[in-house]
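Reminder that position 58 of the sequence shown reads as 58 in the UniProt record's numbering, one-by-one numbering, no gaps.
Every residue gets a Cβ at the ideal spot worked out from N, C-alpha and C, and that includes glycine.
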Amino acid sequence: MRKDKELQRLLDKEHQEEAETGCCIGTDQNGCIQTSQDQCKKTFSTLRKYTQTNTSRAVCGQDPIACVDPPSVEPNKWPPYDITKWPICKKLTEESKNDTTSPHLNCKITGRPCCIRDQAECRIVSQEYCEFLNGVYHDEATLCSQVDCLGATCGLLPFLHPETPDQIYRLWLSLFLHAGILHLCITLAFHFTILKDMEKMAGWHRIAIIYICSGIGGNLLSAIVTPYQPEVGPSGALFGIIACLLVELVQNWQIIKRPWENVLKLGVLTALLIVIGCFPWVDNFAHLGGLMFGTLLGFAFLPYITFGKWDRRRKIIQIVVSIGLIIAICIVLCIVFFVDQDSTCAGCHYINCIPFTEDFCSPSLRGRGLDPRILKG
1 MRKDKELQRL
11 LDKEHQEEAE
21 TGCCIGTDQN
31 GCIQTSQDQC
41 KKTFSTLRKY
51 TQTNTSRAVC
61 GQDPIACVDP
71 PSVEPNKWPP
81 YDITKWPICK
91 KLTEESKNDT
101 TSPHLNCKIT
111 GRPCCIRDQA
121 ECRIVSQEYC
131 EFLNGVYHDE
141 ATLCSQVDCL
151 GATCGLLPFL
161 HPETPDQIYR
171 LWLSLFLHAG
181 ILHLCITLAF
191 HFTILKDMEK
201 MAGWHRIAII
211 YICSGIGGNL
221 LSAIVTPYQP
231 EVGPSGALFG
241 IIACLLVELV
251 QNWQIIKRPW
261 ENVLKLGVLT
271 ALLIVIGCFP
281 WVDNFAHLGG
291 LMFGTLLGFA
301 FLPYITFGKW
311 DRRRKIIQIV
321 VSIGLIIAIC
331 IVLCIVFFVD
341 QDSTCAGCHY
351 INCIPFTEDF
361 CSPSLRGRGL
371 DPRILKG
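Put into structure tokens, the structure is as follows:
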């Protein structure tokens, strides 16, 4: 959803490492693969880092002089010693295919870029190994810098700009996705009970605004604290509706019998759900964000009964203040998520998961930072 600074630093480092690679050619003519000096075994292969004439770096199956589509001519001339800026060569000259002085051009390429998982991890491996890792194999390319792994693995609509992830719609699209039948059944049970009654009381259009905006607010807060944890479900939206129940109780306090009894019921329900959120794979930050936005949205959009002139003025001021706070909080959260990205919250992970055992919260802690790369060249 954003151009992540930490991920971009890692990708820049990997591109620098790729710029130092060469074409590792097997001595028994069993193929070649683009790799580093450490990965190219000297006993059974030879690493060619430069062409025979030393006019450019050597890349398996590519050469600025030998490529005719696209050709290396101005204004799109290939930088000879920066292979990370080379395009994909679609066609070589016929002479290069039989050129014995350039074995990197006519060897059988046994490994090509493979995009793995959802954090733009790319390694040059065989197609069989890539399929084993459930990766996306790019048989048209020879270098990782020639493929867009984020775009290949993220799916849905393509990025407007290839190097800038801009799928902001995931903030609300994830509200309608679920992690399984049980997850879906819990959501539907809530919809057919609490949400149905709220729609009858306030109207579907008001509840729709509160539901979706609470879900987006909860997802945005969660994305700030656990930016690398994939999540689905409308938990933030459901907590927003629960917050509306509390708002409705406060707004109509004068006409409700035994209001403190209802406050106790809502408090126990909310506390129980927050405790459940302290277990792995349940996102308490989405819960708390939805609760916060739902409270403000409830004060702003739910219909109300006034008890006198002063009560009417108070509730109008309440609406204005609530809308102002919603806008201010949204601006702050967007700045932190999209622009700042370096803010940290020591100890906040205990809100999302309480470590009852040493590795109890491992799934939740992973979402706070990038996953370690599973392949090393």
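Could you give the distance in angstroms between the alpha-carbon of residue i and the alpha-carbon of residue j?
i: Asp139; j: Cys114; result: 9 Å
i: Gly155; j: Ala223; result: 19 Å
i: Leu370; j: Ile317; result: 44 Å
i: Glu6; j: Lys265; result: 44 Å
i: Ala58; j: Cys107; result: 12 Å
i: Pro79; j: Pro372; result: 32 Å
i: Cys130; j: Ile124; result: 9 Å
i: Gly377; j: Leu11; result: With a pLDDT of 46 at Gly377, under the threshold of 50, the modelled position of this residue cannot be trusted, and the question is left open.
i: Asp340; j: Arg9; result: 15 Å
i: Thr344; j: Asn76; result: 43 Å
i: Phe239; j: Tyr211; result: 9 Å
i: Arg221; j: Ala286; result: Correcting the residue type first, residue 221 is Leu in the shown sequence and not Arg. Cα to Cα, Leu221 sits roughly 6 Å from Ala286.
i: Ser214; j: Ile327; result: 13 Å
i: Gly111; j: Ala141; result: 10 Å
i: Ile209; j: Phe176; result: 15 Å
i: Asp283; j: Thr53; result: 58 Å
i: Ile256; j: Trp172; result: 35 Å
i: Ile354; j: Ile335; result: 29 Å
i: Asp311; j: Pro234; result: 34 Å
i: Ile116; j: Gln229; result: 16 Å
i: Asp4; j: Pro70; result: 31 Å
i: Ile323; j: Leu291; result: 15 Å
i: His161; j: Ile186; result: 38 Å
i: residue 453; j: Leu288; result: No answer is possible for residue 453: the residues shown for the chain start at 1 and end at 377.
i: Ala179; j: Leu150; result: 22 Å
i: Thr193; j: Pro280; result: 27 Å
i: Leu182; j: Glu128; result: 35 Å
Sorted by chain position, which residues of the same chain lie with C-beta nearer than 7 Å to residue i's C-beta, five sequence neighbours on each side aside?
i: Thr27; result: Phe44, Ser45, Thr46
i: Leu325; result: Leu296
i: Pro64; result: Ser56, Ser72, Trp78, Pro80
i: Asn30; result: none
i: Gly259; result: Note on residue identity: the sequence assigns Pro, not Gly, to residue 259. Counting only Cβ-Cβ distances below 7 Å, and skipping sequence neighbours, we find Leu249, Trp253.
i: Cys40; result: Cys24, Leu47
i: Cys278; result: Asn284, Cys353, Ile354
Taking the alpha helix (DSSP H) that residue i falls in, what are its first and last residues?
i: Val320; result: 309–334
i: Asp12; result: 5–19
i: Ile351; result: 349–352
Thinking just about the alpha-carbon of each residue, which of the options is nearest to the one in residue i?
i: Asp197; options: Ile241, Ile274, Leu272; result: Ile241
i: Ala120; options: Pro165, Gly298, Trp86; result: Pro165
i: Ala66; options: Pro75, His161, Thr101, Ser322; result: Thr101
i: Cys330; options: Ile216, Leu269, Ala152; result: Ile216
i: Cys144; options: His104, His191, Pro87; result: Pro87
i: Glu18; options: Asp4, Gln34, Gln8; result: Gln34
i: Gly308; options: Gln254, Lys41, Ala179, Asn98; result: Gln254
i: Thr270; options: Pro259, Leu245, Trp281, Glu74; result: Leu245
i: Asp82; options: Asp69, Gln127, Gln146; result: Gln146
i: Val321; options: Ile305, Gly298, Asp118; result: Gly298
i: Ser362; options: Thr226, Ser96, Pro70; result: Thr226
i: Lys49; options: Leu105, Glu94, Lys97, Lys91; result: Leu105
i: Thr153; options: Phe356, Leu160, Asn134; result: Asn134
i: Tyr350; options: Cys122, Ile276, Glu261; result: Ile276
i: Pro103; options: Phe301, Thr51, Tyr137; result: Thr51
i: Ala300; options: Phe338, Ala243, Leu157; result: Ala243
Could you name the residues of the same chain whose beta carbon sits closer than 6 Å to that of residue i, not counting the 5 residues immediately before and after it, in chain order?
i: Phe132; result: none
i: Ile168; result: Met1
i: Asp38; result: none
i: Lys42; result: none
i: Cys89; result: Gln62, Cys67
i: Ile207; result: Met198, Glu199
i: Lys85; result: Pro79
i: Asn262; result: Leu249
Terminal residues of the continuous beta strand (DSSP E) containing residue i?
i: Arg48; result: 45–48
i: Asp359; result: From DSSP, Asp359 is part of no beta strand (DSSP E); its letter is neither H nor E.
i: Gln34; result: 32–35
i: Val68; result: 67–69
i: residue 380; result: The chain is shown only over 1 to 377; residue 380 falls outside these bounds and no answer can be derived.
Measuring only between beta-carbons, confirm whether residue i sits less than 9 Å from chain B.
i: Gln251; result: Protein chains in the displayed structure number just one, and chain B is not present.
Using a Cβ-Cβ cut-off of 8 Å (strictly less than) and excluding sequence neighbours within five positions of residue i, which residues of its own chain qualify?
i: Phe190; result: Leu238, Ile241
i: Glu14; result: Cys122, Cys144
i: Leu333; result: Gly217, Leu220, Leu221, Ile224
Runs of alpha helix (DSSP H) lying entirely within the UniProt domain "Peptidase S54 rhomboid" (166–302), each at least 4 residues, in chain order: 170–173, 181–190, 196–202, 204–225, 235–251, 259–276, 284–301
Fill in: Segments assigned beta strand (DSSP E), at least 3 residues, entirely inside the segment 75–158
112–116, 121–125
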